[in-house]
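Numbering (my numbering), first residue to last: 523 to 586.
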């Protein structure tokens, strides 16, 4: 989930306790960078370190 108005509302009302900001823009950028690096140099990324994208948990206390 992203921080949409409905998500903010549900967090404020207690309908949701937490939501995850999955950062799709960073996922897309990283995927393109890794693909280009592989095509240019043959680099094989390590799945867990090179493909790591941080995520953020949001609650009613930190959604804004």
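Each residue gets a CB set at the ideal place from its N, CA and C atoms; glycine is no exception.
Where residue i and residue j are concerned, what is the direct C-alpha to C-alpha distance, given to the nearest angstrom?
{"i": "residue 549", "j": "residue 536", "result": "29 Å"}
{"i": "residue 577", "j": "residue 560", "result": "25 Å"}
{"i": "residue 527", "j": "residue 581", "result": "14 Å"}
{"i": "residue 553", "j": "residue 564", "result": "15 Å"}
{"i": "residue 496", "j": "residue 562", "result": "Past the boundaries of the shown model lies residue 496; the chain is included only from 523 to 586, so the question cannot be answered."}
{"i": "residue 568", "j": "residue 583", "result": "35 Å"}
Our contact map puts residue i next to residue j with C-beta atoms below 8 Å; I'd like the distance itself, whole angstroms only.
{"i": "residue 579", "j": "residue 540", "result": "5 Å"}
{"i": "residue 572", "j": "residue 556", "result": "6 Å"}
Cβ of residue i within 9 Å of Cβ of residue j?
{"i": "residue 547", "j": "residue 585", "result": "no"}
Once the 5 residues before and after residue i are set aside, which same chain residues still bring their CB inside 8 Å of it?
{"i": "residue 545", "result": "575, 576, 577, 578"}
{"i": "residue 542", "result": "523, 577, 578, 579, 580"}
Going along the chain, which residues of its own chain have a beta-carbon closer than 6 Å to the beta-carbon of residue i, five neighbours each way excluded?
{"i": "residue 538", "result": "532"}
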